[in-house]
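To keep things clear, I will list the structure first and then write my remarks on it.
In our numbering, the protein residues as written are 3 to 359.
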């Protein structure tokens, strides 16, 4: 169990403004966010913080780490042509945490769960000519190509179908989406605000709560863009849409059509596929959904051959936990759009009809 994370004192400036649950949010106070490691706050604690628990919001090919490991044991990649440093993983996490504290000044904020993948190994200059079997740990350098993190705000929660949903915030950084062989240019990040289902730790992401590509030049740009995302997110509307999924059902035949059509989708002729809404799940994901339809502890069909869309949605978000880090959030949003679209089919809309007819 890890202690709660406390952001830099700089992040605490102006934390008493802009709660999304006030009708008239206060005017924003300008905040300067600097790329510095987090330190324990030396002033009074502005926001009561929670404690991080072992929760797995993503499972595929990842290694859990803490922010101290990123700060102390990892180098930070640079743009090779001008040696300008990139925004580090830990600075990304700290900046999003700072924006969360600004947006939710009176709430408990848990420490972030951090996972990484695709380790990139190197050597210090003094060890360039050493054989591999003679390398010391101090001769080696590492960083991670991909990193994802998520933290909960457990004092803001809702209940859908008996499942507690905690407001959650997180992001993804993938250096493989950057051109590190060029001069410094914009850097790309994925950031979301949504809900985590505590029954299964599935993430629920909506269109207005996700930016698939925040393009920024520095941490101040990242802070500002993240804060804008938080303000634009309509949590109440998101919860209502998820709650409405309980009221719509698929027959066993319709569910079988959905499984079959989603597997056919990726093999459709290009013109036909472009005429349909996007479906980003692979055969491996769909196989997991089909298996969970009968066997999932929380969201299987049970004794009733019909299954409500809330359970179908969680079958897809559960399968998504086997995605790689850099595609995880995009598929989370795609699951929301797919199941919401199928719900509209039940009411007579034609856009997603192909998937269940």
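Glycine is no exception: its CB is placed at the ideal position from the N, C-alpha and C atoms.
Q. Which same chain residues, not among the five before or five after residue 193, have their C-beta less than 7 Å away from its C-beta?
A. For this step, residue 193 is matched to residue 191 along the chain shown. Answer for residue 193: 98, 173, 213, 216, 228 and 231, listed in chain order.
Q: Determine the direct distance from the alpha carbon of residue 354 to that of residue 34, and round the result to whole angstroms.
A: On the chain shown, position 32 is the one that residue 34 refers to. On the chain shown, position 352 is the one that residue 354 refers to. Summary for residue 34: the model assigns pLDDT 32, below 50, so the residue's position carries little reliability, and this model does not support an answer.
Q) Is the Cβ of residue 152 closer than 8 Å to any Cβ of chain C? A) The structure shown contains no chain C; it holds only a single protein chain.
Q | Distance between residue 92 and residue 179 (C-alpha atoms, nearest Å) | A | In the chain shown, residue 179 corresponds to position 177, counting from 1. In the chain shown, residue 92 corresponds to position 90, counting from 1. C-alpha separation (whole angstroms): 18 Å.
Q.
Is the beta carbon of residue 116 closer than 8 Å to that of residue 144?
A. Position 142 of the chain shown holds residue 144. Position 114 of the chain shown holds residue 116. No; because the gap between Cβ atoms is not below 8 Å, this pair is not in contact.
Q) In terms of DSSP beta bridges, what is residue 80 paired with? A) What you label residue 80 is simply residue 78 of the chain shown in a count that begins at 1. Residue 80 is bridged to 87.
**Q.** Cβ-Cβ distance between residue 358 and residue 341 below 8 Å
**A.** Translated into the one-based positions of the chain shown, residue 358 becomes position 356. Translated into the one-based positions of the chain shown, residue 341 becomes position 339. Against a cut-off of 8 Å, the Cβ pair of residue 341 and residue 358 comes out as no contact.
**Q.** Of the residues 187, 102 and 287, the one placed nearest residue 114, counting alpha carbons only
**A.** Taking the chain shown and counting its residues from 1, one reaches residue 114 at position 112. The shortest Cα separation from residue 114 among 187, 102 and 287 belongs to 102.
Q: Quick one: give me the first and last residue of the beta strand (DSSP E) that residue 332 is part of.
A: Position 330 of the chain shown, counted from the first residue, corresponds to residue 332. Taken as a continuous stretch (DSSP letters only), residue 332 belongs to no beta strand (DSSP E), being part of the alpha helix (DSSP H) at 327-348.
(Q) Checking 8 Å against the spacing of the C-beta atoms, do residue 295 and residue 303 come in under that value? (A) By 1-based counting over the chain shown, the position of residue 295 is 293. By 1-based counting over the chain shown, the position of residue 303 is 301. Contact flag set, yes.
Q. Which term fits residue 130, buried or exposed, when burial requires 16 or more other beta carbons within 10 angstroms of its beta carbon?
A. By 1-based counting over the chain shown, the position of residue 130 is 128. When all chains shown are included, residue 130 counts as exposed.
Q) Contact between the segment 264-276 and the segment 119-128: three or more CB pairs below 8 Å? A) no
Q. Which value, in whole angstroms, describes the spacing of the CA atoms of residue 158 and residue 67?
A. To locate residue 158, count along the chain shown from 1; it is residue 156. To locate residue 67, count along the chain shown from 1; it is residue 65. Rounded to the nearest angstrom, the two C-alpha atoms are 26 Å apart.
Q. On the three-state DSSP scale, how would you describe residue 218?
A. In the chain shown, residue 218 corresponds to position 216, counting from 1. Note: residue 218 maps to strand in three-state DSSP.
**Q.** Rounded separation between residue 324 and residue 196 - CA only
**A.** Position 322 of the chain shown, counted from the start, is the residue given in the question as residue 324. Position 194 of the chain shown, counted from the start, is the residue given in the question as residue 196. Each residue's alpha carbon lies about 19 Å from the other.
Q: Go to residue 125, then tell me how far its beta strand (DSSP E) extends in each direction, as first and last residue.
A: Here residue 125 corresponds to residue number 123 of the chain shown, with the count starting at 1. 115-125 is the span of the beta strand (DSSP E), which, as asked, contains residue 125.
Q | Segment contact flag, the segment 254-271 with the segment 282-292, C-beta cutoff 8 Å, min 3 pairs | A | yes
**Q.** Contacting residues, own chain, Cβ-Cβ under 8 Å from residue 318 (five flanking each side not counted)
**A.** Within the chain shown, the letter at position 316 stands for residue 318. Once the five neighbours on either side are set aside, the close Cβ partners of residue 318 are 283, 287, 291, 337, 340 and 341.
Q. Taking the C-alpha atoms as reference points, what is the distance between residue 59 and residue 245?
A. For this step, residue 59 is matched to residue 57 along the chain shown. For this step, residue 245 is matched to residue 243 along the chain shown. One C-alpha to the other measures close to 21 Å.
Q) Along the chain, where does the alpha helix (DSSP H) that runs through residue 291 open and close? A) As a first step, residue 291 must be located in the chain shown, where it is residue number 289. 285-297 is the span of the alpha helix (DSSP H), which, as asked, contains residue 291.
Q: Could you tell me whether the Cβ atoms of residue 167 and residue 155 are closer together than 8 Å?
A: The sequence position of residue 167 within the chain shown is 165, counting from 1. The sequence position of residue 155 within the chain shown is 153, counting from 1. Taking 8 Å as the Cβ cut-off, residue 167 and residue 155 do not qualify as a contacting pair.
Q | Beta-carbon contacts of residue 322 that lie in its chain and below 7 Å, excluding the five residues immediately before and after | A | Position 320 of the chain shown, counted from the first residue, corresponds to residue 322. Around residue 322: 287, 330, 333, 334 and 337.
Q | For residue 161: DSSP bridge partner residues | A | Translated into the one-based positions of the chain shown, residue 161 becomes position 159. Note: residue 161 sits in a beta bridge opposite 166.
**Q.** Rounded Cβ spacing between residue 189 and residue 218 (contact assumed at less than 8 Å)
**A.** Position 187 of the chain shown, counted from the start, is the residue given in the question as residue 189. Position 216 of the chain shown, counted from the start, is the residue given in the question as residue 218. Sure, about 6 Å apart at Cβ, within 8 Å.
Q.
If you reduce the DSSP assignment to three classes, tell me which class residue 180 lands in.
A. The residue you call residue 180 lines up with position 178 of the chain shown. It is coil, neither helix nor strand.
Q: Tell whether a beta-carbon distance below 8 Å holds between residue 79 and residue 177.
A: Locating residue 79 in the chain shown gives position 77, counting from the first residue. Locating residue 177 in the chain shown gives position 175, counting from the first residue. Yes, they are a contact pair.
(Q) Could you give the first and the last residue of the continuous alpha helix (DSSP H) run that contains residue 261? (A) Position 259 of the chain shown, counting from 1, holds the residue named residue 261. It spans 254-267 - the alpha helix (DSSP H) in which residue 261 sits, taken as one unbroken run.
Q) Starting from residue 192 and walking both ways along the beta strand (DSSP E), at which residues does that stretch end? A) Stepping through the chain shown from its first residue, residue 192 is reached at position 190. From DSSP, the beta strand (DSSP E) with residue 192 extends over 189-199.
Q. Quick one: is residue 347 buried, meaning 16 or more other Cβ sit within 10 Å of its Cβ, or exposed?
A. Indexing the chain shown from 1 puts residue 347 at position 345. Buried, because 16 or more other Cβ atoms sit within 10 Å of the Cβ of residue 347.
Q: Using beta-carbon positions only, say whether residue 184 and residue 81 come within less than 8 Å of one another.
A: On the chain shown, position 182 is the one that residue 184 refers to. On the chain shown, position 79 is the one that residue 81 refers to. In contact: residue 184 and residue 81 (Cβ atoms closer than 8 Å).
Q.
Once DSSP output is grouped into helix, strand and coil, what is the label at residue 210?
A. Taking the chain shown and counting its residues from 1, the one referred to as residue 210 is at position 208. DSSP places residue 210 in helix when its eight states are reduced to three.
Q | Own chain, CB closer than 6 Å to residue 301, minus 5 neighbours either side, in chain order | A | Position 299 of the chain shown, counted from the start, is the residue given in the question as residue 301. 313, 316 and 317.
Q | Outcome for residue 269 when other beta-carbon atoms lying within 10 angstroms are tallied against a minimum of 16 | A | Along the chain shown, one-based indexing puts residue 269 at 267. Exposed, since its Cβ has fewer than 16 Cβ neighbours within 10 Å.
Q: Below 8 Å on the Cβ atoms is my guess for residue 153 versus residue 111; work out the distance and round it to an integer in Å.
A: Here residue 153 refers to the residue found at position 151 of the chain shown. Here residue 111 refers to the residue found at position 109 of the chain shown. About 6 Å separates the two Cβ atoms, so the contact holds.
Q. Between the Cα of residue 100 and the Cα atoms of 252, 210, 305 and 221, which residue gives the shortest distance?
A. Working through the chain shown from its first residue, we reach residue 100 at position 98. Among 252, 210, 305 and 221, the Cα nearest to that of residue 100 is on 221.
Q) What does a CB cutoff of less than 8 Å around residue 326 pick up in its chain, not counting 5 residues either side in sequence? A) In the chain shown, counting from the first residue as 1, residue 326 sits at position 324. The residues are 62, 63, 119 and 148.
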